[in-house]
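Quick note: the sequence shown, position 70, residue 69 per numbering that gives the first Met the number 0, numbers continuous.
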Amino acid sequence: MQQPSSPTHSPLARPPQGELRPLEFDAVYTEFFGFVFRNARRLGVDASAVDDVVQDVFVVIFRRLPEFDQRGDGAALRSWVYGILANTVREHRRRYRRKDAPLVSTSADSSSAFPATPAQSPTPEEGAERREDVDLLLSLLAELSEEKRELLVLADLEQMSVPEICACVGGNVNTVYSRLRVARDELRGKLERVLLTRKREELA
0 MQQPSSPTHS PLARPPQGEL RPLEFDAVYT EFFGFVFRNA RRLGVDASAV DDVVQDVFVV
60 IFRRLPEFDQ RGDGAALRSW VYGILANTVR EHRRRYRRKD APLVSTSADS SSAFPATPAQ
120 SPTPEEGAER REDVDLLLSL LAELSEEKRE LLVLADLEQM SVPEICACVG GNVNTVYSRL
180 RVARDELRGK LERVLLTRKR EELA
């Protein structure tokens with residue numbers, strides 16, 4: 000699936016006060032393709048299936064776009080899109096579990112979950128190290144519960160505020176803060192164990 004070119008300004012900029020224009024699917028697709036693609040990978044969709052999942056997400060968005068309440072802001076639209084993405088990923092993962100197929104595998108294009116910016120321009124060696132780091136993070140995220148994985152993706156990778164996360168996943172601010180702290184502690188513990196094991200292997 001081809002990624003649309005990024006516009007110089009958001010095609011979803013709010014119209015003048017009191018004016019509501021119908022949202023155009025092409026504008027939503029352009030604005031949210033990258034968001035949907037990278038987070039499908041982060042939420043556990045294998046690279047071999049991500050194109051199909053992203054397509055399914057935008058099919059639902061196309062069908063349901065007239066139902067979206069435009070009186071909210073851009074964050075409301077992002078939360079709405081994320082809800083469709085999360086539900087589509089859950090259904091995908093349920094289908095794969097029934098088939099006893101692997102949910103996540105590491106692959107050469109795993110860095111699509113964490114796209115580099117043009118300014119970074121990594122060398123081949125840096126690119127290889129980056130892919131290794133991405134593979135590790137994806138595998139650790141896959142070991143977490145669905146709830147914890149979602150919280151970490153939204154808070155630490157998408158840099159959403161806790162109120163924005165609440166709009167995406169539900170719950171109150173205090174509950175999300177508490178669950179996010181637990182999720183971070185669990186991920187940190189898993190990462191520390193992996194790094195310790197690697198260190199011991201290097202010294203052996």
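Idealized CB from N, CA, C, for every residue including glycine.
- By the C-beta density criterion, Lys198 is exposed, having fewer than 16 other C-beta atoms within 10 angstroms.
- Segment contact: the stretch 170-183 against the stretch 123-138, fewer than three CB-CB distances shorter than 8 Å; contact not assigned.
- The Cβ neighbour count for Glu142, taken over all protein chains shown within 10 Å, is under 16; the residue is labelled exposed.
- In this structure, the beta-carbon distance from Arg192 to Arg41 does not fall below 9 Å.
- Between Pro162 and Glu30, the alpha-carbon positions lie close to 22 Å from each other.
- Collapsing the DSSP output to three states places Glu201 in a helix.
- Beyond the five residues adjoining it in sequence on each side, Val152 comes within less than 7 Å, by CB distance, of Asn38, Arg41, Leu42 in the same chain, given in chain order.
- Relative to the Cα of Tyr28, the nearest Cα in the group Asn173, Glu66, Arg77, His91 belongs to Arg77.
- Residue environment analysis places Val172 among the exposed positions, since fewer than 16 neighbouring C-beta atoms fall within 10 angstroms of its C-beta.
- If you look at Asn38, you'll find it in the alpha helix (DSSP H) that goes 24-41.
- The distance from the Cβ of Thr87 to that of Val49 is about 11 Å, inconsistent with a contact at the 8 Å cut-off.
- When the alpha-carbon of Ala75 is set against those of Ala166, Leu136, Arg92, the nearest one is in Ala166.
- The criterion of a C-beta distance shorter than 9 Å is not satisfied by Val175 and Leu140.
- At a Cβ-Cβ threshold of 9 Å, Glu157 and Phe32 do not count as neighbours.
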